[in-house]
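Participant:
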Amino acid sequence: MIVYLARRALMSLVTLWLIITLTFVLMHAVPGDPFISDARVSPQVMSNLRAYYGLDQPLVVQYVRYLARLVRLDLGRSIKSEVRDINQMIAEGLPVSAVLGLEALLVAVTGGVSLGILAALGHNRGLDYLAMGVAIVGISVPSFILATLLIHVLAVRLELLPVGTWGTWRHTVMPALALALAPLAYVARLTRSSMLDELSQDYVKAALARGLSRSRAILGHALRNALLPVVTILGPLTAAVLTGSFVIENIFGIPGIGKIFVLSISDRDYPLILSGAVVYSVLLLTMNLLVDLVYGIVDPRIRLAGRPLR
Amino acid sequence: MAQRGVLALALTGALVLAGVNPVPVTSAPAQQVMRINIQGEPASLDPAKIDNRLAGTIAKQLFEGLTRLDKDGNVIPGVAERWTMSADGKAYTFTLRRNARWSNGDPVTAQDFVYSYRRALDAKTGAPLVDNLFFIANAEQYNSGKLTDPAQLGLRAVDDYTLEIRLHTAAPFFLKLLGFFSVMPVNAKVEQQNPRWMNEASTFVSNGAFRLARWEHERTMVLERNPNYWARDRVRLDEIQMAMVPNMSTAYQMFSAGQLDITAPPAELTGRLIAEKKALVFPEARTYFVRFNNKVSPFTNANIRKALSLAINREGITRRILQGGQIPLRGFIPHGLSSGTGEFRKQAGDLYKDNDTQRARELLQQGLKELGLTTLPPLVMRTSNREIFTKIAQAVQAQWKQVLKAQVTIETMEHRAFIAAVRRRDYVVAPYSTGADYDDAYNLVTQFITGDFYNFTEYGNPEYDRLIRAAAVETNGQRRTQFMVDAEKILIERDMAIAPLFTNTQVFVQNPKLKNVYRYAVAEEDYRDAFREP
Chain A
0 MIVYLARRAL MSLVTLWLII TLTFVLMHAV PGDPFISDAR VSPQVMSNLR AYYGLDQPLV
60 VQYVRYLARL VRLDLGRSIK SEVRDINQMI AEGLPVSAVL GLEALLVAVT GGVSLGILAA
120 LGHNRGLDYL AMGVAIVGIS VPSFILATLL IHVLAVRLEL LPVGTWGTWR HTVMPALALA
180 LAPLAYVARL TRSSMLDELS QDYVKAALAR GLSRSRAILG HALRNALLPV VTILGPLTAA
240 VLTGSFVIEN IFGIPGIGKI FVLSISDRDY PLILSGAVVY SVLLLTMNLL VDLVYGIVDP
300 RIRLAGRPLR
Chain B
0 MAQRGVLALA LTGALVLAGV NPVPVTSAPA QQVMRINIQG EPASLDPAKI DNRLAGTIAK
60 QLFEGLTRLD KDGNVIPGVA ERWTMSADGK AYTFTLRRNA RWSNGDPVTA QDFVYSYRRA
120 LDAKTGAPLV DNLFFIANAE QYNSGKLTDP AQLGLRAVDD YTLEIRLHTA APFFLKLLGF
180 FSVMPVNAKV EQQNPRWMNE ASTFVSNGAF RLARWEHERT MVLERNPNYW ARDRVRLDEI
240 QMAMVPNMST AYQMFSAGQL DITAPPAELT GRLIAEKKAL VFPEARTYFV RFNNKVSPFT
300 NANIRKALSL AINREGITRR ILQGGQIPLR GFIPHGLSSG TGEFRKQAGD LYKDNDTQRA
360 RELLQQGLKE LGLTTLPPLV MRTSNREIFT KIAQAVQAQW KQVLKAQVTI ETMEHRAFIA
420 AVRRRDYVVA PYSTGADYDD AYNLVTQFIT GDFYNFTEYG NPEYDRLIRA AAVETNGQRR
480 TQFMVDAEKI LIERDMAIAP LFTNTQVFVQ NPKLKNVYRY AVAEEDYRDA FREP
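Protein sequence lines, in the order shown, are assigned to chains A and B. Taking numbering that gives the first Met the number 0, the leading residue of the first sequence gets 0, the next gets one more, and so forth. Taking numbering that gives the first Met the number 0, the leading residue of the second sequence gets 0, the next gets one more, and so forth.
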């Protein structure tokens, strides 16, 4: 187990390095730079600014400097804003995005799995069509439409919740719902199809033939296997919701880190672009590792250390 | 004083009883509170490091320069109580108020200004708008490293309260420029002790009408009246609460729900709100125009450029497409910008007729003949992906097709990539905008001098160059204005180097109880005299 974890950790580091290098190359290949604007900034001032941020150095030097800082766990300073170090920006913004993301994830997974099971049980009948109808709406309606609708109804019309900004649990309700709908629909469809697969398996028929009640057979036997694909997507899904959503954070004025991934690119804020890539990659790699570990628990047939299956 | 305390207490009690949320932007307003939206965390509150209007507006309330502007945009004393100017317009002596204080109680001295300007001019500071100080003698040389001794700058603290500034050239707008946020002072002592003083409310020291009371990064910022400000008695607002909501629709919903006092409505609502007189419209000294690359055929020909310009229906673009109250331009210099002797646009008048389709067709034929062509070759118009530019591009494309049967293909590019392309002259025709940094037309006219760094349009006319150079050194206001008016006639009426479109505007909705919020075409809003009617 320890050997396995060590090997995985090492592979993850190599992957991370590749991602950083690729991001570094790509972002410098994009035309434009952080200081270019339609304002008339003089060439003199431009070169001052480039020197101030170390962008006058050759790319190789910038690359090595960045890696050297990163090894010391220092993400550096943003070009766009000097108010806080990027470490501080992430430390303050990630928890906000994470709280919102986890709330949404909870809604998405519980709602999605229940909906999926209901649909599978009522296969090709009213309940199925209803559940899948909800899922299709969930996938097709963009989150910003739902968000705007929620604001209009719950905040402006009914005055139940604050329009936007951040502070108490009441501020999280609408963004979490808006964020949850699409993954909820996705999880529901996934659960339904894998549940249908499992229900047609011989072991379920055998269990039923031996006189197990339908609900025991489904919840006790089929569900466990049917959830494997759901667990698989839970890794990337968690990484995605934890790092926030630009659109939702923008609409509700939430101080999360979702905007880092979008605005840093249009700002050509090089250190911030790289930081976004690093944070997201680390989360994604960690989540995938966790998912692999969870496989072993959900399905004992899967062995982690690569021992041959008997 | 005691009365206010009691009131505040009662109000707090009422809030607690009502179970109102403690987050400032959602709380009921205290007696003199203004609630605005700053759209996001300001990138910096260090006057020297700010490069955008939103952060500049905050800095303007926190700091005070040597001068400031009254509600009509005239220069009035700020930290400087009075000043004298030499006959050649190049040397100023400022007498500072003895009662001007920093928020930490330190006196504001001439040395603070010398320190602040030297700091901004030091290349190592990386100040983005430092060009505004380049009128000071030797400033540009010092910034570029050609001069290393800051004592050679045209800046001298004669004593604690007397400041001398020498310019390398007369600049009639210099006093206005001194009220701009980028040239506001910082406290030299504080800055030397803690170079990161400007990043947290607890260490923030400023000398303006307000001080920074609270700054929760990415969430909210609260300014309160600065008890050390020399004119504290005329400041009526107790607090300015600032929300950071980037989405204009959400901010507008907050305004509608009574959680904000001022906001800019989302673009899709401006047309209706202006028509219903629910929104305020202010010109911004920024010209939107279509850039022609004057070195590339067919834009080498003046008649072709004129034809394309006259074929544009500016009224249609502003009224029907953009709907933000923008003002169609019949010249280059935007409305609201000064010539030094009055509003430039009023003095220069109209230089062409908008939507002059008949004349446009005639000029096109004439131009084609001169170029030896029979039809206009297909054109590729590059544009930024920002909404206002893509809308302009599509409108102009349709109008040119309708009036001149021109075949125009639009190539949309990511904003910064687009700017980079225009800068390396990699375009033939493109919608663009240019705005003034200080309230004088001179600020915008130099970019068309032959070979100027910003002459991305590759225009060149020796007569134009001569007039602008003459305006630069002219000390007589009337003559200086005339030089610039004549130059604009050459640029537009004779050569139509570009096709001007409209003067941009800023559109706001504002709580009608809020009074005395001063807005300017060039400078940032001023809240010093603002108050809320009961």
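Backbone N, C-alpha and C fix where the C-beta goes; we use that ideal spot for every residue, glycine too.
(1) Give the straight-line distance between the Cα atoms of residue 190 of chain B and residue 44 of chain A, rounded to the nearest whole angstrom.
(2) Answer with yes or no whether the minimum CB distance from residue 452 of chain B to chain A is below 9 Å.
(3) For a contact defined as C-beta to C-beta under 7 Å, what are the partners of residue 48 of chain A on chain B?
(4) With 16 as the cutoff for other CB atoms within 10 Å, does residue 27 of chain B come out buried or exposed?
(5) Could you pull out every residue in the same chain whose Cβ sits closer than 8 Å to the Cβ of residue 53 of chain B, ignoring the five residues on either side in sequence?
(6) With a 10 Å radius around its C-beta and 16 neighbouring C-beta atoms as the bar for buried, classify residue 16 of chain A as buried or exposed.
(7) Can you tell me whether residue 523 of chain B is buried or exposed, with buried defined as 16 or more other CB within 10 angstroms of its CB?
(8) Rank B:464, B:402 and B:495 by C-alpha distance to the C-alpha of residue 356 of chain B and give the top, closest one.
(9) At a cut of 8 Å, does the region 204-211 of chain B reach the region 222-232 of chain B through at least three beta carbon pairs?
(10) Could you tell me the alpha carbon to alpha carbon distance between residue 184 of chain B and residue 156 of chain B, rounded to whole angstroms?
(11) Any beta-carbon of chain A closer than 9 Å to the one on residue 380 of chain B?
(12) So that I know if they touch, is there some Cβ in chain B lying closer than 9 Å to that of residue 293 of chain A?
(13) So, at 7 Å on beta carbons, what are the nonlocal neighbours of residue 149 of chain B in its own chain, with the 5 sequence-adjacent residues on each side left out?
(14) Going along the region 217-251 of chain A in order, which residues come within less than 7 Å of chain B, judged by CB to CB distance?
(15) Measure from the C-beta of residue 508 of chain B to each C-beta in chain A and report whether the shortest distance is under 9 Å.
(16) Could you round the C-beta distance between residue 497 of chain B and residue 288 of chain B to whole angstroms and report it? I think they count as a contact, below 8 Å.
(17) Would the beta-carbon of residue 211 of chain A fall within 9 Å of that of residue 219 of chain A?
(18) Could you please give me the residues that DSSP links to residue 429 of chain B through a beta bridge?
(19) Taking DSSP as the reference, what is the three-state secondary structure of residue 301 of chain A?
(20) Determine which residues of the region 53-84 of chain A have a Cβ less than 8 Å from any Cβ of chain B, and write them out in chain order.
(21) For residue 426 of chain B and residue 414 of chain B, I'd like the C-alpha separation in whole angstroms.
(22) Can you tell me where the beta strand (DSSP E) with residue 507 of chain B in it begins and where it stops?
(23) Which chain B residues are close to residue 147 of chain A, counting only those with a beta carbon under 8 Å from its beta carbon?
(24) In angstroms with no decimal places, state the Cα-to-Cα distance between residue 47 of chain A and residue 125 of chain B.
(25) Considering only DSSP beta bridges, list what residue 434 of chain B is partnered with.
(26) If you check the beta carbons only, do residue 518 of chain B and residue 281 of chain B fall under 9 Å apart?
(27) Who are the Cβ neighbours of residue 383 of chain B in its own chain at under 6 Å, not counting the five residues just before and after it?
(28) For residue 234 of chain A, collect the residues of the same chain with a Cβ closer than 6 Å to its Cβ; drop the 5 residues on either side in sequence, then sort them by chain order.
(29) As a quick exercise: from A:81, A:179, A:67 and A:60, pick the residue whose alpha carbon is nearest that of residue 50 of chain B.
(30) Residue 415 of chain B touches chain A at which residues, Cβ-Cβ below 9 Å?
(31) Which residues share a DSSP beta bridge with residue 90 of chain B?
(32) Can you tell me which residues form a DSSP beta bridge with residue 407 of chain B?
(33) How many whole angstroms separate the CB atoms of residue 505 of chain B and residue 263 of chain B, which I take to be in contact at a CB cut-off of 8 Å?
(34) Determine, using beta-carbon pairs with one atom in the region 483-492 of chain B and one in the region 330-340 of chain B, whether at least three such pairs fall under 8 Å.
(35) Whose C-alpha, out of B:87, B:105 and B:130, is nearest the C-alpha of residue 168 of chain B?
(36) Under 9 Å, Cβ to Cβ, is there at least one residue of chain A near residue 24 of chain B?
Facilitator: Short version:
(1) Cα to Cα, the separation comes out at about 22 Å.
(2) Taking a beta-carbon distance threshold of 9 Å, residue 452 of chain B counts as an interface residue toward chain A.
(3) At a beta-carbon threshold of 7 Å, the residues of chain B lying near residue 48 of chain A are 125 and 127, ordered along the chain.
(4) With a pLDDT of only 49 at residue 27 of chain B, under the threshold of 50, the placement of this residue in the model should not be trusted, and no figure is reported.
(5) Answer for residue 53 of chain B: 37, 38, 39 and 41, listed in chain order.
(6) Looking at its Cβ environment, which holds fewer than 16 other Cβ atoms inside 10 Å, residue 16 of chain A is exposed.
(7) By the 10 Å Cβ count, residue 523 of chain B comes out buried.
(8) The shortest C-alpha separation from residue 356 of chain B is found at B:402.
(9) Segments in contact, yes.
(10) So the two alpha carbons sit approximately 14 Å from each other.
(11) With 9 Å as the cut-off, residue 380 of chain B does not count as an interface residue toward chain A.
(12) Not an interface residue.
(13) So the qualifying residues of the chain are 117 and 141.
(14) Residues passing the 7 Å Cβ filter: 249, 250 and 251.
(15) With 9 Å as the cut-off, residue 508 of chain B does not count as an interface residue toward chain A.
(16) Right, the Cβ-Cβ distance comes to about 5 Å (below 8 Å), so this counts as a contact.
(17) Remark: C-beta atoms of residue 211 of chain A and residue 219 of chain A approach each other more closely than 9 Å.
(18) B:290, per the DSSP bridge assignment.
(19) Looking at residue 301 of chain A - three-state DSSP - the assignment turns out to be coil, as it is neither helix nor strand.
(20) Across the region 53-84 of chain A, CB contacts with chain B closer than 8 Å involve 79, 80, 81, 82 and 83, in sequence order along the chain.
(21) Whole-angstrom Cα-Cα distance: 14 Å.
(22) That run of the beta strand (DSSP E) goes 497-509.
(23) The contacting residues are 248.
(24) Going from the Cα of residue 47 of chain A to the Cα of residue 125 of chain B covers about 5 Å.
(25) DSSP, once it has assigned bridges, lists B:285 as partnering residue 434 of chain B.
(26) Yes. Within cutoff.
(27) For residue 383 of chain B, where only same-chain residues beyond five positions count, the Cβ hits under 6 Å are 414 and 417.
(28) Cβ neighbours of residue 234 of chain A beyond the five flanking positions: 286, 287 and 290.
(29) Of A:81, A:179, A:67 and A:60, the residue nearest in Cα terms is A:81.
(30) Ordered by position in chain A, the residues that pass the 9 Å Cβ test against residue 415 of chain B are 29, 30, 31, 32, 33, 35, 36, 265, 266 and 267.
(31) Answer by DSSP bridge pairing, in chain order: B:165.
(32) Beta-bridge pairing links residue 407 of chain B to B:378.
(33) Their Cβ separation, rounded to whole angstroms, is 7 Å, which keeps residue 505 of chain B and residue 263 of chain B in contact under 8 Å.
(34) Taking a contact to require three or more Cβ pairs closer than 8 Å, the region 483-492 of chain B and the region 330-340 of chain B qualify as touching.
(35) The shortest C-alpha separation from residue 168 of chain B is found at B:87.
(36) Any reading at residue 24 of chain B must be qualified, since the residue scores a pLDDT of 49, below 50, and its modelled position is unreliable; the value itself is stated next. Output row for residue 24 of chain B: interface = yes.
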